[in-house]
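Engineer: Take this note's numbering: the final residue in the sequence shown is number 198, and no numbers are missing along the way.
Positions of the beta carbon are idealized from the N, C-alpha and C atoms, including for glycine.
Keep in mind that this is a model prediction, so the values were computed, not measured.
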Amino acid sequence: MVLRQFGFEQFIPRTTELATFYEDFKTSKKLLESVRKAWKHPEDKKRQDVSIKRWIGRASKAEEMVLKLEETNESLQEQCRSQDIIIANLDERVDHLLSIEQTLSSEKENAEREAECWASEAMRYHVQADDARNYALGLRGIAQQIADGEPMTRNEFHRFFGLIRDGINEISAYDGPRLWKD
Numbered sequence: 017m018v019l020r021q022f023g024f025e026q027f028i029p030r031t032t033e034l035a036t037f038y039e040d041f042k043t044s045k046k047l048l049e050s051v052r053k054a055w056k057h058p059e060d061k062k063r064q065d066v067s068i069k070r071w072i073g074r075a076s077k078a079e080e081m082v083l084k085l086e087e088t089n090e091s092l093q094e095q096c097r098s099q100d101i102i103i104a105n106l107d108e109r110v111d112h113l114l115s116i117e118q119t120l121s122s123e124k125e126n127a128e129r130e131a132e133c134w135a136s137e138a139m140r141y142h143v144q145a146d147d148a149r150n151y152a153l154g155l156r157g158i159a160q161q162i163a164d165g166e167p168m169t170r171n172e173f174h175r176f177f178g179l180i181r182d183g184i185n186e187i188s189a190y191d192g193p194r195l196w197k198d
């Protein structure tokens with residue numbers, strides 16, 4: 017009965033004194049192991065060996081799966097790091113290209129304004145050139161009339177000197193490119 021309380025089956029021979037057996041059982045751990053081994057059924061031992069082998073196989077498969085998952089996780093983290101670096105480089109390039117685009121658009125606007133200014137200046141000089149051409153033709157006509165010996169009327173005389181006066185005023189008002197420094 018004592019052995020049954022410790023989990024052993026009751027196959028104790030009736031000739032053994034229980035008190036002596038109990039004392040030996042308490043004092044000797046080797047005896048406990050030998051009793052356990054001797055009283056176990058061989059079928060239980062085989063079942064236990066098979067279940068232990070299965071458990072070891074499952075544990076090794078689980079460890080392999082964990083190792084594979086860790087390797088996969090590391091490779092994915094490395095890919096994420098490399099993609100983060102690529103994204104950062106692309107962001108820098110995009111920012112650089114946007115700044116170049118803004119610079120080019122402001123330069124284009126400045127060039128268009130400058131072109132408009134030059135076009136208005138060219139138009140003004142063109143008008144001044146036409147006025148000077150007309151002035152020169154008028155002076156040439158009057159000079160030819162004087163050279164031919166034709167007398168000038170009072171109106172023609174005033175017109176001649178008026179043209180000269182207008183020419184002098186235009187020359188003094190001319191603010192185009194200067195050939196000398198003030």
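So what does DSSP say about G165, is it helix, strand or coil?
Structural biologist: By 1-based counting over the sequence shown, the position of residue 165 is 149. Residue state, collapsed to three classes: coil.
Engineer: For L195, name the three-state secondary structure that DSSP assigns.
Structural biologist: Here the question's residue 195 lines up with position 179 in the sequence shown. Confidence is the limiting factor: at L195 the pLDDT is only 49, short of 50, which leaves the residue's position unreliable, though a coordinate-based value still follows. In the structure shown, L195 sits in coil (DSSP, three-state: anything other than H, G, I, E or B).
Engineer: Residues in its own chain within less than 8 Å of E87 by CB, not counting five upstream and five downstream?
Structural biologist: Translated into positions along the sequence shown, residue 87 becomes position 71. Around E87: no qualifying Cβ.
Engineer: Going straight from the alpha carbon of D111 to that of A104, what length do you get?
Structural biologist: The residue labelled residue 111 in the question sits at position 95 within the sequence shown. The residue labelled residue 104 in the question sits at position 88 within the sequence shown. Going from the Cα of D111 to the Cα of A104 covers about 11 Å.
Engineer: For L195 and I162, I'd like the C-alpha separation in whole angstroms.
Structural biologist: If you number the sequence shown from 1, residue 195 lands on position 179. If you number the sequence shown from 1, residue 162 lands on position 146. For L195, the predicted structure reports a pLDDT of 49, less than 50, and the residue's modelled location is therefore unreliable. The matter cannot be settled from this model.
Engineer: Would you call the region 147-156 and the region 119-126 touching, i.e. three or more CB-CB distances under 8 Å?
Structural biologist: With a cut-off of 8 Å, the region 119-126 and the region 147-156 do not count as touching, because too few Cβ pairs lie within range.
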